[in-house]
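A.B. asks: Numbering (the UniProt record's numbering), first residue to last: 1 to 358.
Glycine residues also receive a C-beta, built at the ideal position from the N, C-alpha and C atoms.
Computed from a predicted structure; not experimentally measured.
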DNA sequence: AAGCCGGGGTA
DNA sequence: TACCCAGGCTT
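So, in structure tokens, the structure goes:
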């Protein structure tokens, strides 16, 4: 391999300075109370593309409701999604439960410490596999995420585009060379803490960095221009009309989204794709697609919601119907109280306060 | 390799 | 706005 970047660095001294800093400065986080593999696993899934502060309350609630793999394995998927409501990337929740069920059935409830077995579980990719093996089982395996690539792109002056999959393998190689064989758990977590608190994306606090003397980018004064990352393309915009359809019993129509794709398995208020359907056709379109005959009223609020790859602009309108039942099995009439038991995506949660309003 | 998949926080 | 975040799955 290409070890030029490692020639100038004293790996053992780097490890020592990093680990000493970590011991004194590590963050006090709920999933660090112990190294229980299930807790590590759940935390790592929740932390995918999600900040620590966002995860903490979800993690605590989740652990209270599902303390071990057995409670989670036996839960209803809709209840798990309700626990995940607002956290995003809902396939994480579905995959986690699928994997937990496999652990219960195939491994007698014990989370595998074998890399091949662990990595074959649904939702456990290269990063999460490395994180669980190192943190829970103290195996010297890299756990390369965006944080780690940022830190090492600077320490080793690596200019490869970190959005490329080949680049991730390069970092896995280097971390494999650098990781402490005595305390891989602390090493991996130390890099994460360093990336989150000091080696930040913008204006890194190099003055407080425990490994600044080993950092090639700092020596060259180019830490702000690393890592190199290709720009993401802009999101496409989509317009919808969301309908709060009330019947004479005061109940509202909600709809379960398909089992795959965006917001899979979550519930929402019926939506008309306003890019495709002109206003004069709304009533007919609703009748044909939802089998609901409703009188659509004026707009009561507008909601903009930015996803990673789409932007929704939703015009929310009240509507009334004389129907008391719906023929489509993905549809339901529910009271405002009942509605709160269903998992809703955030943009639709924001519509709920407008239900009671007159 | 590129696209899909949420939501919140920051400069 | 734009960018970022303890990524993985599908195509």
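1) By a C-beta neighbour count over all protein chains shown, 10 Å radius and 16 as the cutoff for buried, is residue 363 buried or exposed?
2) Taking the continuous beta strand (DSSP E) assigned at residue 47, which residues delimit it?
3) With H, G and I counted as helix, E and B as strand and the rest as coil, what does DSSP make of residue 299?
4) Can you list, in chain order, the residues of its chain with a C-beta nearer than 7 Å to that of residue 206? Leave out the 5 residues immediately preceding and following it.
5) I'd like to confirm the pairing. Which residues does DSSP put opposite residue 305 in its beta bridges?
6) Is the separation between the beta-carbon of residue 9 and that of residue 214 shorter than 7 Å?
7) Assuming residue 346 is part of the alpha helix (DSSP H), what are its boundary residues?
8) Tell me whether residue 261 is buried or exposed, calling it buried when 16 or more other Cβ atoms sit within 10 Å of its Cβ.
9) What residues are listed by DSSP as bridge partners for residue 320?
10) Tell me the DSSP secondary structure of residue 240 in three-state form.
11) Count Cβ pairs between the segment 122 to 135 and the segment 77 to 84 that sit closer than 8 Å; are there 3 or more?
12) Name the residue from 195, 194, 304 whose alpha carbon lies nearest to the alpha carbon of residue 239.
13) Are there three or more Cβ pairs, one per stretch, closer than 8 Å when the segment 192 to 209 is compared with the segment 271 to 286?
14) Please report the straight-line C-alpha distance between residue 40 and residue 59, rounded to a whole angstrom.
15) In this structure, how does DSSP classify residue 14 when only helix, strand and coil are distinguished?
16) Are the Cβ atoms of residue 131 and residue 44 separated by less than 7 Å?
17) List the DSSP bridge partners of residue 271.
18) Leaving out five residues before and five after residue 358 in sequence, what residues of the same chain have Cβ atoms less than 7 Å from its Cβ?
19) Please identify the residue among 277, 255, 195 whose C-alpha is closest to the C-alpha of residue 268.
C.D. replies: Walking through what the data contain:
1) Lying before the first or after the last residue shown, residue 363 is absent from the chain, which here runs from 1 to 358.
2) Indexing the first chain from 1 puts residue 47 at position 47. Element bounds for residue 47: n/a, residue is neither H nor E.
3) Residue 299 sits at position 299 when you count from the first residue of the first chain. The three-state secondary structure of residue 299, taken from DSSP, is strand.
4) Locating residue 206 in the first chain gives position 206, where the first residue counts as 1. Once the five neighbours on either side are set aside, the close Cβ partners of residue 206 are 212, 218, 223.
5) Within the first chain, residue 305 is the residue found at index 305, counting from 1. 312, per the DSSP bridge assignment.
6) Stepping through the first chain from its first residue, residue 9 is reached at position 9. Stepping through the first chain from its first residue, residue 214 is reached at position 214. Residue 214 sits close to residue 9, with the two beta carbons spaced by under 7 Å.
7) As a working mapping, residue 346 is identified with position 346 in the first chain. Under the DSSP assignment, residue 346 falls in the alpha helix (DSSP H) whose first and last residues are 346 to 349.
8) Your numbering for residue 261 matches position 261 in the first chain. It is exposed - the Cβ of residue 261 has fewer than 16 other Cβ atoms within 10 Å.
9) One-based indexing of the first chain puts residue 320 at position 320. Beta-bridge partners assigned by DSSP to residue 320: 246, 295.
10) What you label residue 240 is simply residue 240 of the first chain in a count that begins at 1. Strand at residue 240.
11) Touching, no.
12) For the purposes of this step, residue 239 is identified with residue 239 of the first chain, where counting begins at 1. Closest by alpha carbon: 304.
13) Contact fails between the segment 192 to 209 and the segment 271 to 286, because fewer than three Cβ pairs, one in each stretch, are under 8 Å apart.
14) Counting from 1 along the first chain, the entry for residue 40 is found at position 40. Counting from 1 along the first chain, the entry for residue 59 is found at position 59. Their backbone Cα atoms lie some 10 Å apart in a straight line.
15) As a first step, residue 14 is located in the first chain; it is residue number 14 there, counting from the start. Residue 14 falls in the helix class under three-state DSSP.
16) As a working mapping, residue 131 is identified with position 131 in the first chain. As a working mapping, residue 44 is identified with position 44 in the first chain. If you check the CB distance, residue 131 and residue 44 come in under 7 Å.
17) In the first chain, residue 271 corresponds to position 271, counting from 1. Residue 271 is bridged to 242.
18) Looking up residue 358 in the first chain gives position 358. With a pLDDT of 42 at residue 358, under the threshold of 50, the modelled position of this residue cannot be trusted; read the value that follows with caution. Excluding residues within five positions, none has a Cβ falling inside 7 Å.
19) The sequence position of residue 268 within the first chain is 268, counting from 1. For the residues 277, 255, 195, the minimum Cα distance to residue 268 belongs to 255.
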